[in-house]
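See structure below.
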Amino acid sequence: MRLTRILAATLALLVTINALSAQAPTGLKKLAIGKVKVGEAVRADAVDAGKRNKIDRMTQNVEAQLRSAFQSTRRFELIGRADADALVEEAGATGRTFEFGESDYLLVVEIDDFQDSMETKTFAALGKTVTSRTIRFAGITTIYNAKTNAVIETANIDVSETAPEETRGATTGDTRDALLRELTKKLAEQTAQRVTDVVYPARILAKTDMTVTISRGEGTGVAAGQLWEVFALGAEMKDPDTGVSLGREELSVGKIRITRVTPKTSQATITEDTGVGNGAVVRPVKN
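Here my numbering runs 531 ahead of the position in the sequence shown, where the first position is 1.
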């Protein structure tokens, strides 16, 4: 009997510990990912062309790749919400706020362009004909504050790829599927990178002489040779009409050039310095 009571007490203790562990905060922002939407015009064109199954397969691939891409960032706790788009539409129509439990952010992706074309070129001098396939699609990525329903960021992401038929597989289906996998992965990675940059801007972690270390590593779009701009953060700004926060003022204080990329961080050499310091935000300079 005594042994039974000891075992029962031990089991209860383990259950309590597991429950507390499950409730322990991860320190990560919670992100709800909605079901990928397809624009009405895109879906109508696909149906007319007999490619509805292709569109459905593409959206399923994007959803799976989005989860994988965000998990790879190690910066978010993911919460799947297939009803996200419906809740957003309802909120827009009724004026009520949508509810996403404990989520901090909501991501909605809509595919607004899809093209799948074949091109054949004949090289008379070589006596050869080459057929290639090009697939392109574009998406609109919208990031919401799940607490206030405010739109934080809207971005257009466009990806395309072309491949000769003979290098990707023995059949047209092989080529198409290979390209779709590559493109959905590319779209997901760019989306995850954009959201991460908005929620967790890259920052300078350390500065030693003319070298700095930033909080971006492999798989985040950082590459040796890139030029990044450095911003010091000022006071919080608010819209004078609505009182809504516009974020903190950012003042350019220099530039850095990436020299080394590691799994979790990257190092760079300071090329311009009027106040570069730890904690400053850094962003790549667009060409």
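Glycine included, C-beta positions come from ideal geometry on N, C-alpha and C.
Next on the checklist: For I807, which residues in the same chain have their Cβ closer than 8 angstroms to its Cβ, ignoring the five residues on either side in sequence?
Outcome noted: For the sequence presented, residue 807 should be read as Val rather than Ile. Result list for V807: I735, K738, V743, V761, V784, G785, I787 and I801, in chain order.
Checklist entry - Is the beta carbon of L758 less than 8 angstroms from the beta carbon of M768? => result no
Checklist entry - What did DSSP end up calling S603 once you bin it into helix, strand or coil? => result helix
Item to check | Alpha carbon of A681 to alpha carbon of E749, nearest angstrom | outcome: 31 angstroms
Checklist entry - Alpha carbon to alpha carbon, how far is F645 from R606? => result 30 angstroms
Checklist entry - Going by DSSP, what residues sit across from A694 in a beta bridge? => result R664
Checklist entry - Between the segment 658–672 and the segment 686–697, do three or more beta carbon pairs fall short of 8 angstroms? => result yes
Checklist entry - Who pairs with P815 in a beta bridge, going by DSSP? => result Residue pairing from DSSP places P815 in a beta bridge opposite W759.
Checklist entry - So does V807 have its beta carbon nearer than 7 angstroms to some heavy atom of the ligand SAM? => result The ligand content of the structure shown is nil, which means the ligand SAM is not present either.
Checklist entry - Taking DSSP as the reference, what is the three-state secondary structure of M741? => result coil
Item to check | Among E713, A763 and V792, the one whose alpha carbon lies nearest that of R779 | outcome: A763
Next on the checklist: Quick check on the DSSP output: the alpha helix (DSSP H) that includes E633 runs from which residue to which?
Outcome noted: Unbroken run through E633: none, as it is neither H nor E.
Item to check | Residues of its chain near A576, where Cβ-Cβ distance is below 6 angstroms and the 5 sequence neighbours each way are ignored | outcome: Per the sequence presented here, residue 576 reads as Asp, with Ala not at that position. Nothing meets the Cβ criterion.
Item to check | Local conformation of N680 per DSSP, three classes | outcome: The answer is coil: DSSP assigns N680 none of H, G, I, E or B.
Next on the checklist: Tell me the residue span of the alpha helix (DSSP H) that contains E571.
Outcome noted: Where E571 is concerned, the enclosing alpha helix (DSSP H) stretches over E571 to D579.
Next on the checklist: What residue range does the beta strand (DSSP E) around T802 cover?
Outcome noted: S797 to D804
Item to check | Neighbourhood of E874 by C-beta, 6 angstroms cutoff - its chain only, sequence neighbours within 5 removed | outcome: It is not possible to answer for residue 874, since the shown part of the chain is limited to 532 through 818.
Next on the checklist: Rounded to the nearest angstrom, what separates G700 and D708 at their Cα positions?
Outcome noted: Confidence in G700 is poor, its pLDDT being 44 and thus under 50, which makes the residue's placement unreliable; the coordinate value appears in the next sentence. Rounded to the nearest angstrom, the two C-alpha atoms are 10 angstroms apart.
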